[in-house]
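To start, the structure itself, in structure tokens.
2 protein chains.
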Amino acid sequence: MKRRPEASDPTAGCPGFRFAGVAAGIKKNGNRDVALMVADEPAVTSAVFTQNRVKAAPVRLSAQHLARRKRLRGVVINSGNANACTGAQGMRDAKDMAVRAAAATGASSAEMLVASTGVIGARLPMAAVRAGIAAAGAELRPDGFGDFAEAILTTDKRAKLAALRTRIDGQPVTLLGCTKGAGMIMPNMATTLTFVATSASVSPAQLTAATRRAVAPTFNAIAVDGDTSTNDTLAVMASGQRGAATAAGAQAFTEALTELLSNLAQQLMTDGEGVHHVVSIEVVRAASAATAARIAQRVAVSPLVKTAIAGADPNWGRILCAVGNAGVAIDPDRLALTIGSVPTVSRGAVRSTWDEAAARAVMQTPRYRIVVDLGLGGHKARYLACDLSHDYVSINASYRS
Amino acid sequence: MKRRPEASDPTAGCPGFRFAGVAAGIKKNGNRDVALMVADEPAVTSAVFTQNRVKAAPVRLSAQHLARRKRLRGVVINSGNANACTGAQGMRDAKDMAVRAAAATGASSAEMLVASTGVIGARLPMAAVRAGIAAAGAELRPDGFGDFAEAILTTDKRAKLAALRTRIDGQPVTLLGCTKGAGMIMPNMATTLTFVATSASVSPAQLTAATRRAVAPTFNAIAVDGDTSTNDTLAVMASGQRGAATAAGAQAFTEALTELLSNLAQQLMTDGEGVHHVVSIEVVRAASAATAARIAQRVAVSPLVKTAIAGADPNWGRILCAVGNAGVAIDPDRLALTIGSVPTVSRGAVRSTWDEAAARAVMQTPRYRIVVDLGLGGHKARYLACDLSHDYVSINASYRS
């Protein structure tokens, strides 16, 4: 009998883990800025990192640690400073963070992942970071996930958490996650940090496969502005000690993880910089899944589509134009387009019965769908897009100043 | 003896051509909206069109005409309506424009190019268009290029014209051009219409080669917002009747055409929607010209770089981040960056002696350079970028409304 995972209280924690988030003075506003997550025993861990060729020191260090062992003890994070483009000193500081986190938790430094987010190119204030890690170590507790989720934020408006409870292979399993990120959200993990703790029992290979599958339709199918950062990290740690799950259990775990990440990705979009509309761009009847995804992405990142979304302007011509710009073979005369439930384009031209006022009303709502029907095949893909607003420009024209 | 082309008065015209631009009532504001350019004799013609898979009817018709013959008589243009995504009716209307323009000039319809720009998806108001073409035919005159250049505009703030006079193969040669386009300016000719008349003698093959070479570093190396339109057309007509030029003459012509298009492309950027800063992104010491161009383009279209330009914020981290996002192999530890003449980054990290105030002062000027040194090889590329401003959002959130 299959049971759907149920939402649960994120602050209740996850068996086998303790969390903390403290204010160490890295952020000027005094908010929490050092976070620590620790597994009581070495936990099977997988992670995906930014595809940017300019990778911050903590990303490179974490990838090295994960390449050497698949069972780790925890993650230490600071916000307010990305420790990116900081040269050899940046790597020394990232290693120092791992050493301090290990000391604060009784792990070895090679068992720690490190993540940083914030301003690029400034050296970490290591005195504050070290004191913050020690303080976080002292505050670790099973119900500390709320503090943890707050301490990883930068320009986010609010903490973004989710938890699920389900049964896998007959055992109760918790999945607990949080994310951060406002601008620079694009596929391949752009300036988003995401951490998941789960009590599931999975092998390293199963966890790696589940993570890759769960990321594809969630964190790799959202776009705020098309830039990907130097620091993006999504890590999943599983504390289950019973060994590998069954194939059916691994499948159930993948589904639960996808649901959790989907929830977090949606929260991320809704909280995006200057975002007032989150729009699901759905490309259907494509010749392949890859071309569907490419077109959905192109529409989602088009500045002219995004400003039309901002203005609640049902400018279907811009959407078709973006479809044509994806570099994918299409038949313009077969294109159809639906805004919300309002049929707008068929056979490449606007419908004579188009209800423009109804389409405009749809676009004034905070969440809706735009469906692009290519009329070519049986494949589809989906991408979450958002508006390009005055607020986006305001936030990003003055972020450093 | 080599002579540099000299700027001359665009309104003085070009031997062998007549021009007109009239107000036909397609635009609601009463501005000129039908343009006509006619060669007295069939003129060698080349053109490049949008790479968008959704091509407007006039683009498809013009490409057909040019595929059949290389000597044409003229171009008819309307602004205010793009005749794009208008189905079979759109193609009938484009053909009708060619027929009417031929009737007004004594040419055959197959000798005319057709171009349209403006709102996508609405049927052309053909009664107004036909009357406008007839009126333009009656007003054709050698010094009508100013009216012509006005009649192709949409949201442009001003007409953009340029003329050069030079000597090629010992003969005086005029090159005369105008362009339009505000948003949607990207490589592969995005919603820009550009027309060049020249008295040079070149063969069809020479003109085609010269056009391709001149477009690459000019109109294909500018980005306002990364979208390319359904209608972009750049056409060059040469009235010279002496037959093919020498190889040296063809080379001199290519250089003069490149200079003319460079002038027009710069005007286009400066007049871009909501543009206050035009920035030359120069990538040097790349492993290949192709990778240099790819990186320059990625930096030029990055929304986070463009908002930093808008805010005059010397946020070099965002520039390095965009470099890393180009999907090109680089060595982050070799990256260097100069803003104007202010050395900012070397070996992948900010210089300890960086003068941030000086970099900020550079970015407050309307035109400056950002040089990215990859430290890898001997190749380079350049791209013109601009700011992403509140004005851009305002203009594009309400274009149709």
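One line per chain: the protein sequences are A and B, in this order. Its first residue numbered 52, the first sequence is counted upward by one per residue in our numbering. Its first residue numbered 52, the second sequence is counted upward by one per residue in our numbering. Note that the Cβ used here is the ideal one computed from N, Cα and C, for glycine as well.
Review point. Beta-carbon of residue 284 of chain B versus every beta-carbon of chain A: anything under 8 Å?
Key: The residue you call residue 284 of chain B lines up with position 233 of the second sequence. Taking Cβ atoms only, chain A never reaches closer than 8 Å to residue 284 of chain B, which makes this a no.
Review point. Can you tell me where the alpha helix (DSSP H) with residue 229 of chain B in it begins and where it stops?
Key: Position 178 of the second sequence, counted from the start, is the residue given in the question as residue 229 of chain B. No alpha helix (DSSP H) contains residue 229 of chain B, which is instead part of the beta strand (DSSP E) from 222 to 231.
Review point. Can you find a CB in chain A that lies within less than 8 Å of the CB of residue 226 of chain B?
Key: Here residue 226 of chain B refers to the residue found at position 175 when the second sequence is read from its first residue. Taking Cβ atoms only, chain A never reaches closer than 8 Å to residue 226 of chain B, which makes this a no.
Review point. In chain order, what residues of the segment 390 to 403 of chain A put their CB closer than 9 Å to some CB of chain C?
Key: Absence of chain C from the displayed structure is noted, the protein chains being A and B.
**Study point:** Residue range of the unbroken alpha helix (DSSP H) whose run includes residue 313 of chain A
**Key:** Taking the first residue of the first sequence as 1, we reach residue 313 of chain A at position 262. Unbroken alpha helix (DSSP H) run through residue 313 of chain A: 298 to 321.
Review point. Measuring CB to CB, does residue 185 of chain A end up less than 8 Å from residue 145 of chain A?
Key: Here residue 185 of chain A corresponds to residue number 134 of the first sequence, with the count starting at 1. Here residue 145 of chain A corresponds to residue number 94 of the first sequence, with the count starting at 1. Cβ distance not < 8 Å, so residue 185 of chain A and residue 145 of chain A don't count as in contact.
Check your understanding: Contact between the segment 309 to 318 of chain A and the segment 82 to 89 of chain A: three or more CB pairs below 8 Å?
Key -> no
Point to revise | Proximity test, Cβ basis, 8 Å: residue 66 of chain A and chain B | key: Counting from one through the first sequence, the residue named residue 66 of chain A turns up at place 15. Judged by the 8 Å Cβ criterion, residue 66 of chain A is not in contact with chain B.
Point to revise | Rounded C-alpha distance that separates residue 373 of chain A from residue 189 of chain A | key: Your numbering for residue 373 of chain A matches position 322 in the first sequence. Your numbering for residue 189 of chain A matches position 138 in the first sequence. When rounded, the distance between both Cα atoms is 53 Å.
Review point. Taking the alpha-carbon positions, what's the residue 351 of chain A to residue 357 of chain A distance?
Key: Mapped onto the first sequence, residue 351 of chain A falls at position 300. Mapped onto the first sequence, residue 357 of chain A falls at position 306. Distance between the alpha carbons of residue 351 of chain A and residue 357 of chain A: 7 Å.
Check your understanding: Where residue 420 of chain B and residue 394 of chain B are concerned, what is the direct C-alpha to C-alpha distance, given to the nearest angstrom?
Key -> Taking the second sequence and counting its residues from 1, the one referred to as residue 420 of chain B is at position 369. Taking the second sequence and counting its residues from 1, the one referred to as residue 394 of chain B is at position 343. Cα to Cα, the separation comes out at about 12 Å.
Check your understanding: Quick one: is residue 81 of chain A buried, meaning 16 or more other Cβ sit within 10 Å of its Cβ, or exposed?
Key -> The sequence position of residue 81 of chain A within the first sequence is 30, counting from 1. Answer is exposed; the Cβ neighbour count stays below 16.
Practice item. Can you say whether residue 237 of chain A is buried or exposed, counting buried as having 16 or more other CB atoms within 10 angstroms of its CB? Key: Sequence index remark: in the first sequence, residue 237 of chain A carries index 186 (1-based). Residue placement at residue 237 of chain A cannot be trusted, given a pLDDT of 39 that sits under 50; the coordinates are not used to answer.
Practice item. Below 6 Å CB to CB, which residues in the same chain sit around residue 415 of chain A once its five sequence neighbours on both sides are set aside? Key: Counting from 1 along the first sequence, the entry for residue 415 of chain A is found at position 364. Answer for residue 415 of chain A: 363, listed in chain order.
Review point. Comparing the C-beta of residue 281 of chain B with each C-beta of chain A, is any distance below 8 Å?
Key: Here residue 281 of chain B corresponds to residue number 230 of the second sequence, with the count starting at 1. Yes, its Cβ sits closer than 8 Å to a Cβ of chain A.
Review point. If you draw a straight line from the alpha carbon of residue 316 of chain A to that of residue 113 of chain B, how long is it in whole angstroms?
Key: Counting from one through the first sequence, the residue named residue 316 of chain A turns up at place 265. Counting from one through the second sequence, the residue named residue 113 of chain B turns up at place 62. Going by the C-alpha atoms only, they are around 46 Å apart.
Check your understanding: CA-CA distance, residue 339 of chain B and residue 103 of chain A?
Key -> To locate residue 339 of chain B, count along the second sequence from 1; it is residue 288. To locate residue 103 of chain A, count along the first sequence from 1; it is residue 52. Inter-residue distance for residue 339 of chain B and residue 103 of chain A is about 20 Å (C-alpha atoms, whole angstroms).
Practice item. Decide if residue 241 of chain A is buried, meaning its Cβ has at least 16 other Cβ atoms within 10 Å, or exposed. Key: For the purposes of this step, residue 241 of chain A is taken as residue 190 along the first sequence, with counting starting at 1. Only weak support is given to the placement of residue 241 of chain A: the predicted model assigns it a pLDDT of 41, under 50, and the value that follows is read from those uncertain coordinates. Buried, by the Cβ-count rule.
Exercise for review: Report the residue ranges of all alpha helix (DSSP H) runs contained in full by the segment 364 to 390 of chain B; include only those spanning at least 4 residues, in chain order.
Suggested key: Runs of the alpha helix (DSSP H) inside the segment 364 to 390 of chain B: 367 to 375.
Point to revise | As assigned by DSSP and simplified to three states, the class of residue 197 of chain A | key: Numbered from 1 along the first sequence, position 146 holds the residue referred to as residue 197 of chain A. In this structure, residue 197 of chain A counts as helix in the three-state DSSP scheme.
Exercise for review: Just tell me which of B/434, B/170, B/213 has its CA closest to the CA of residue 366 of chain A.
Suggested key: Looking up residue 366 of chain A in the first sequence gives position 315. Of the listed residues, the one whose Cα sits closest to residue 366 of chain A is B/170.
Point to revise | Interface flag, residue 437 of chain A vs chain B, CB-CB below 8 Å | key: Residue numbering aside, residue 437 of chain A sits at position 386 when the first sequence is read from its first letter. Judged by the 8 Å Cβ criterion, residue 437 of chain A is not in contact with chain B.
Point to revise | Beta-carbon neighbours of residue 77 of chain A, restricted to chain B and to distances below 7 Å | key: Residue mapping note: residue 77 of chain A aligns to position 26 of the first sequence, counting from 1. Within chain B, no residue comes near residue 77 of chain A; the closest Cβ sits about 16 Å away, beyond 7 Å.
Review point. Within 8 Å (strictly less), CB to CB, does residue 434 of chain B reach chain A?
Key: The sequence position of residue 434 of chain B within the second sequence is 383, counting from 1. Output row for residue 434 of chain B: interface = no.
Check your understanding: Does the beta-carbon of residue 92 of chain B have 16 or more other beta-carbons within 10 angstroms, so that it is buried, or is it exposed?
Key -> As a working mapping, residue 92 of chain B is identified with position 41 in the second sequence. Exposed, by the Cβ-count rule.
Exercise for review: Determine the chain B residues that contact residue 103 of chain A at a beta-carbon separation under 8 Å, and present them in chain order.
Suggested key: Counted from its first residue, the first sequence places residue 103 of chain A at position 52. What residue 103 of chain A touches in chain B: 372, 375, 376.
Practice item. Spell out whether any CB of chain B is found under 8 Å from the CB atom of residue 455 of chain A. Key: Missing from the structure shown is residue 455 of chain A; chain A here goes from 52 to 452 and no further.
Check your understanding: Going by other Cβ atoms of all chains shown within 10 Å of its Cβ, with 16 needed for buried, is residue 378 of chain A buried or exposed?
Key -> Here residue 378 of chain A refers to the residue found at position 327 when the first sequence is read from its first residue. Residue 378 of chain A should be labelled exposed.
Practice item. Quick one: residues in its chain with C-beta nearer than 8 Å to the C-beta of residue 360 of chain A, no 5 flanking neighbours on either side, listed in chain order? Key: On the first sequence, residue 360 of chain A is found 309 positions in, with the first residue counted as 1. Residues 328, 330, 414, 436, 437, 438, 439 of the same chain have their beta carbon placed closer than 8 Å to that of residue 360 of chain A, with the five preceding and five following residues left out of the count.
Review point. Checking contacts by CB at 8 Å: is residue 381 of chain A closer than that to chain B?
Key: Locating residue 381 of chain A in the first sequence gives position 330, counting from the first residue. For residue 381 of chain A, the answer is yes, since a Cβ of chain B falls inside 8 Å of its Cβ.
Exercise for review: Put residue 397 of chain A into one of helix, strand or coil per three-state DSSP.
Suggested key: On the first sequence, residue 397 of chain A is found 346 positions in, with the first residue counted as 1. Note: residue 397 of chain A maps to strand in three-state DSSP.
Exercise for review: Report yes or no: is there a C-beta of chain B within less than 8 Å of the C-beta of residue 136 of chain A?
Suggested key: Within the first sequence, residue 136 of chain A is the residue found at index 85, counting from 1. Chain B contact via Cβ: present.
Practice item. Using a Cβ-Cβ cut-off of 8 Å, state whether residue 171 of chain A counts as contacting chain B. Key: Mapped onto the first sequence, residue 171 of chain A falls at position 120. Output row for residue 171 of chain A: interface = yes.
Exercise for review: Would you mind reading off the limits of the beta strand (DSSP E) that contains residue 286 of chain A?
Suggested key: For this step, residue 286 of chain A is matched to residue 235 along the first sequence. Residues 284 to 289.
Practice item. My understanding is that residue 430 of chain A touches residue 347 of chain A, with C-beta atoms under 8 Å, so please give their C-beta distance in whole angstroms. Key: Residue 430 of chain A sits at position 379 when you count from the first residue of the first sequence. Residue 347 of chain A sits at position 296 when you count from the first residue of the first sequence. Their Cβ separation, rounded to whole angstroms, is 11 Å, which puts residue 430 of chain A and residue 347 of chain A out of contact at 8 Å.
Review point. Where does residue 346 of chain A fall in DSSP's three states?
Key: Position 295 of the first sequence, counted from the start, is the residue given in the question as residue 346 of chain A. Helix.
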